[in-house]
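Below is one structure, written out as structure tokens; the observations come after it.
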Amino acid sequence: MELKERYADTCRQVRSKRIDKKTLIKLKAFLELTKSKQTFLLLITGWAGYCSVGHTVIDGATTLSLLGSLYLAICGSTVLNMFVDRDIDARMPRTIERPLPAGVLSPREALTFGLLISLLGITWAFALDFLFGLVVFAGLFFHVVVYTMWLKRKTPFSVMPGGIAGGMPVLAGRVLGTGAIDLVGVLLALAVLLWIPIHILTFATRYAEDYKLASVPTFPAVYGMSRTRLVLAGSTILTGISMTLGVFLSGVTGPYLLAAILAVVILIVLTAFYSAYPSPKRNFMLFKAASIYMLVSMLMIGLTGAK
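Just so we're aligned, residue 21 is where the sequence shown starts under the numbering used here, counting upward by one.
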């Protein structure tokens with residue numbers, strides 16, 4: 021009898037370990053759907069927008085609510101994007117191992133998760149401030165409906181509504197601090213919108229074959245690399261102008277302002293160098309530099325306001 025009990029207990033332990041391992045795999049897959057690096061950068065822009073109003077307005081509880089609501093809304097829109105694009109991901113070598121095409125999560129699980137956290141994030145945002153909630157909702161709508169569901173598979177210019185979605189967190193943060201949509205908020209959001217082509221076009225160039233396999237029209241594939249480099253140059257210059265004006269008007273001065281200007285200069289130099297001497301290595305270098313530039317610029321705004 022004791023032997024049977026020991027055997028049964030051992031079986032239960034083995035099953036429990038299997039269940040725990042399966043649960044951990046699922047949790048990791050859900051986290052992977054949220055694209056944590058991308059979400060982190062967007063959260064930094066939202067925080068910077070809020071801090072840009074100055075330390076006299078900032079308070080800890082509101083900051084946490086800002087970050088919490090934005091995190092849920094951004095993650096939700098990203099998960100819904102992954103749900104809609106699961107057929108595309110299944111055709112590209114770069115994305116075939118993602119949770120949905122790999123079969124780790126079912127489409128129903130991803131859709132339920134995406135809708136749930138989107139709803140929680142939007143509800144939280146509206147509870148915090150009505151205009152803030154509207155801006156956050158606009159970001160989710162542009163990303164999921166306009167960009168992902170409507171334009172991504174139809175036109176290489178889908179990056180623009182994608183850019184609008186990317187600019188909403190910083191605008192939302194500014195709105196939460198000021199209670200209105202003002203010039204600084206618009207300039208900072210515009211800087212992100214104009215920055216998006218640098219990020220997306222260099223990425224699309226690097227993974228051109230993947231997008232071709234998935235039948236997704238990209239600007240480099242449709243219009244060629246010469247025009248792509250012209251767009252990159254124009255986007256970089258316009259981003260620099262918008263960001264510098266936004267940084268200056270938000271009250272950034274001294275070493276923080278110099279660091280922000282230096283970041284713009286470095287990005288312009290790298291873009292010019294890549295345009296003059298294009299290569300896959302320099303394209304990837306510009307892709308990485310663009311993300312670092314956005315992070316540095318937003319940190320300078322946020323740190324100035326929070327000090």
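Note that beta-carbon positions come from the ideal geometry of N, C-alpha and C, so glycine has one too.
Treat the numbers as computed from the prediction; the structure is a model and nothing was measured.
- For residue 303, the closest alpha carbon among the candidates 319, 95, 221, 151 is that of 221.
- Spanning the alpha carbons of residue 280 and residue 124 requires a straight line of approximately 42 Å.
- Take the alpha-carbon of residue 292 and the one of residue 47: they are about 43 Å apart.
- Annotation for residue 214: the continuous alpha helix (DSSP H) segment containing it runs 203 to 226.
- Taking C-beta separations shorter than 6 Å and ignoring five residues to either side along the sequence, the partners of residue 316 in its chain run 283, following chain order.
- The Cβ neighbour count for residue 249, taken over all protein chains shown within 10 Å, is at least 16; the residue is labelled buried.
- Between residue 198 and residue 271 the beta-carbon gap is near 13 Å, outside 8 Å, which marks them as no contact.
- Three or more beta-carbon pairs separated by less than 8 Å link the segment 137 to 146 to the segment 155 to 164, which places the two stretches in contact.
- Contact check for residue 102 against residue 136 fails: the beta carbons are separated by 7 Å or more.
- Restricted to the segment 95 to 147, the alpha helix (DSSP H) segments that are unbroken, complete and at least 4 residues in length are 106 to 109, listed in chain order.
- Secondary structure note for residue 162: it is in no alpha helix (DSSP H), with a DSSP letter that is neither H nor E.
- The beta carbon of residue 226 lies closer than 8 Å to those of 300, 303, 304, 307 in the same chain, with the five residues before and after it left out.
- Of the candidates 236, 177, 212, the residue whose Cα lies closest to the Cα of residue 190 is 212.
- A contact between stretches requires three or more CB pairs, one per stretch, nearer than 8 Å, and the segment 175 to 183 fails this requirement with the segment 56 to 67.
- Here the segment 200 to 214 lies against the segment 257 to 272, with 3 or more beta-carbon pairs under 8 Å apart.
- About 7 Å separates the Cβ atoms of residue 219 and residue 311, confirming a contact at the 8 Å cut-off.
- Taken through DSSP and simplified to helix, strand or coil, residue 297 comes out as coil.
- When 159, 122, 110, 106 are compared, the shortest CA-CA separation from residue 89 is found for 159.
- Sequence-distant partners of residue 115 (beyond 5 residues in either direction) whose C-beta falls short of 6 Å from its own C-beta, in its chain, are 109.
- By the Cβ neighbour-count rule, residue 128 is exposed, with fewer than 16 other Cβ atoms within 10 Å of its own.
- One Cα belongs to residue 247, the other to residue 229, and the distance between them is close to 19 Å.
- Rounded to whole angstroms, the Cβ separation of residue 288 and residue 260 is 6 Å, and the two are in contact under 8 Å.
- About 7 Å separates the beta carbons of residue 105 and residue 168, which is inside the 8 Å limit, making them a contact pair.
- The beta-carbon separation of residue 215 and residue 314, rounded to 6 Å, stays under the 8 Å limit for a contact.
- Taking the Cβ atoms as the reference, residue 72 lies roughly 6 Å from residue 194, within the contact range of under 8 Å.
- Between residue 165 and residue 133, the C-beta gap is not smaller than 7 Å, which leaves the two residues out of contact.
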